[in-house]
Amino acid sequence: DVKVTQSSRYLVKRTGEKVFLECVQDMDHENMFWYRQDPGLGLRLIYFSYDVKMKEKGDIPEGYSVSREKKERFSLILESASTNQTSMYLCASSSRAGGRETQYFGPGTRLLVL
Amino acid sequence: QKEVEQNSGPLSVPEGAIASLNCTYSDRGSQSFFWYRQYSGKSPELIMFIYSNGDKEDGRFTAQLNKASQYVSLLIRDSQPSDSATYLCAVKPPGGYNKLIFGAGTRLAVHP
């Protein structure tokens, strides 16, 4: 079974703090993704990575950065957390192979920024 | 125009009925189509994927794809209260990296 884990299920941070969200997958997937999900807005792609040390901006990268030093791990960094970054953060991974684009999601991290 | 559109619902069906969930997409070159189920407070889980025109059945679920009309649907037969969730349609547009475009989801409520 594909397993994607995220470092925290719930997180409370203060405005201005630097926040690290970590994601680990055990399926040797090349692609990894970070989304945020807000009511009425659906899943929005923040960043994705298609290989170690490679990253591409998604639809809403502002205020976020990412790091992928190892194939199995993809980190999302909020450089200076703000209240509008309160959200559910979902990590996903997928194979790069054609016909195997299914994305598998981690359990999510619910972040509250006060 | 949104790239992947779904009716937000809620779609309310009685237990045992067929639930029909629809999704349209804008990029005619899209290649792969996915249905995910998401329970409240949980992450999305894959139900089905479909690549070719026509129907694909898996248990109580049937995915239908019509590329000419640019829509994909999910039928749930013999709906159960445990099917109550938000259903997300996802589409892989042309191009690399296997990015998916997600719709905002349709909330399904199955009442006893």
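Residue numbers (our numbering), protein chains in the order written: chain A, 1 to 114; chain B, 1001 to 1112. Backbone N, C-alpha and C fix where the C-beta goes; we use that ideal spot for every residue, glycine too. Just so we're clear, the structure is a prediction, and the values are computed from it rather than from any experiment.
Residues bridged to residue i (per DSSP)
{"i": "A:Lys13", "result": "A:Val113"}
{"i": "B:Val1110", "result": "B:Val1013"}
Cβ separation of residue i and residue j, assumed to be a contact under 8 angstroms, to the nearest whole Å
{"i": "B:Tyr1036", "j": "B:Ile1047", "result": "6 angstroms"}
{"i": "A:Lys71", "j": "A:Asp28", "result": "7 angstroms"}
{"i": "B:Lys1092", "j": "A:Glu30", "result": "Between A:Glu30 and B:Lys1092 the Cβ distance is about 15 angstroms, and since that is not below 8 angstroms, they are no contact."}
Under the three-state DSSP convention, the category residue i falls into
{"i": "B:Val1093", "result": "Sequence inspection shows Pro at residue 1093 of chain B; the Val mentioned does not correspond to that position. B:Pro1093 falls in the coil class under three-state DSSP."}
{"i": "A:Thr83", "result": "helix"}
{"i": "B:Asp1083", "result": "helix"}
{"i": "B:Gln1064", "result": "strand"}
{"i": "B:Ala1104", "result": "coil"}
{"i": "A:Ser95", "result": "coil"}
{"i": "B:Ile1047", "result": "strand"}
{"i": "B:Leu1075", "result": "strand"}
{"i": "A:Gly42", "result": "strand"}
{"i": "A:Ser75", "result": "strand"}
{"i": "A:Gly63", "result": "coil"}
Cβ-heavy atom distance, residue i to the ligand GTP, below 8 angstroms
{"i": "A:Ser75", "result": "Absent from the structure shown: the ligand GTP. Ligands present: none."}
For residue j and residue i, the rounded distance between their alpha carbons
{"i": "B:Asp1078", "j": "B:Glu1015", "result": "7 angstroms"}
{"i": "A:Lys122", "j": "B:Tyr1071", "result": "In the structure as shown, chain A starts at 1 and stops at 114, and residue 122 of chain A therefore has no counterpart that could be examined."}
{"i": "B:Asn1007", "j": "B:Cys1023", "result": "8 angstroms"}
{"i": "A:Tyr35", "j": "B:Leu1011", "result": "26 angstroms"}
{"i": "A:Gln103", "j": "A:Arg14", "result": "31 angstroms"}
{"i": "B:Pro1112", "j": "B:Ser1043", "result": "25 angstroms"}
Open item on the list: Is it the case that the stretch 1048-1062 of chain B contacts the stretch 50-57 of chain A, given that we only count it when at least three CB pairs across the two stretches are under 8 angstroms?
Closed with: Between the stretch 50-57 of chain A and the stretch 1048-1062 of chain B there are fewer than three C-beta pairs closer than 8 angstroms, too few to call the two in contact.
Task: contact_flag[the stretch 79-91 of chain A, the stretch 1024-1031 of chain B] where n(CB pairs < 8 angstroms) is 3 or more - done: The stretch 79-91 of chain A vs the stretch 1024-1031 of chain B: no contact.
Task: Meets three-Cβ-pair contact criterion under 8 angstroms: the stretch 1092-1107 of chain B and the stretch 39-46 of chain A - done: Result yes; three or more Cβ-Cβ pairs closer than 8 angstroms.
Task: Given 8 angstroms, three or more beta-carbon pairs between the stretch 69-89 of chain A and the stretch 1084-1092 of chain B - done: no
- [ ] Report yes or no: do three or more beta-carbon pairs, one from the stretch 19-28 of chain A and one from the stretch 62-76 of chain A, lie closer than 8 angstroms?
- [x] yes
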